[in-house]
Structure formats: C-alpha cells, structure tokens
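Chemist:
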Amino acid sequence: MEKVAEHINEMQRIHEEYGAIFDHLFRQHQKSCKQPIDLSPGDLLYYGGVEWLNISDFLGKIKKGLELHAMCFVFKSAVVFLCKERLRQKKKLMVCRNYKTLYLIYKLYKPT
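Numbering (this note's numbering), first residue to last: 289 to 400.
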C-alpha cells in the first residue's frame, strides 16, 4: 500500500512540475498531426535524468559554467526530452549550494 501511495505522489509531483509543458506539447502536436498521443501521467512508462551527449547540436554554443539538467520521459505514444538550466542560489550561513530549476530552454518531442 505504501508503494502505491509513493507512486501516486510521484506522478502528482511530475504533473505539477511538467504538466503544463506536456499540455503545450499535446496541443502543438494535435494541430500538426492526426496521430493521437497521450502525455498523461497514467501513460508514463519511464522517466529520469539523462546525459544528453549531443545537446550542443540543439542548443548551439553553451556558456561556460552553465549547468544543464536533461530529463527523458517515455510515454506509451511518445518520448519527450526536456532540458533545463539550473542556477545556483547562494544563501547566507549555508555551506551547501541549493539548485533551483528556472526555465525550460529546449524541448524535443518524438512520437513512437
């Protein structure tokens, strides 16, 4: 029962953080193609951080010191790559650095 609750909470977190992006991709795809896609948490098969090896091919020259975080979401009908820039926040009296995701700089959608 605990594993089910953890899964539900994680899907809810993903929907809160990335749901607007998935909705935008869905609407964008719906206008251009007739093949139906579903980017809902129920159709999410796998997700996680990835190392995007050829990211400079998509983003061009990347500033030195820029920290990028790439995520891959595998749905039943599509694969979505998202890349976000992480900026460091400095707080007084804190030894460790906190990272905050600020904005999406590249998105790639590929129907399966």
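Ideal Cβ placement from N, Cα and C applies to all residues, glycine included.
What residues in its chain sit with their C-beta under 8 Å from that of VAL338, if we drop five residues either side in the sequence?
Modeler: Result list for VAL338: ALA358, MET359, CYS360, PHE369, in chain order.
Chemist: DSSP three-state label for GLY337, please.
Modeler: Residue state, collapsed to three classes: strand.
Chemist: If we ignore side chains and look at the alpha-carbon of each, how far apart do PHE310 and GLN323 end up?
Modeler: Spanning the two alpha carbons is a distance of roughly 16 Å.
Chemist: From the DSSP secondary-structure annotation, give me the bridge partner or partners of HIS357.
Modeler: Paired residues: LYS372.
Chemist: I'd like to know whether the C-beta atoms of MET289 and GLY330 end up nearer to each other than 9 Å.
Modeler: The answer is no: Cβ separation not under 9 Å.
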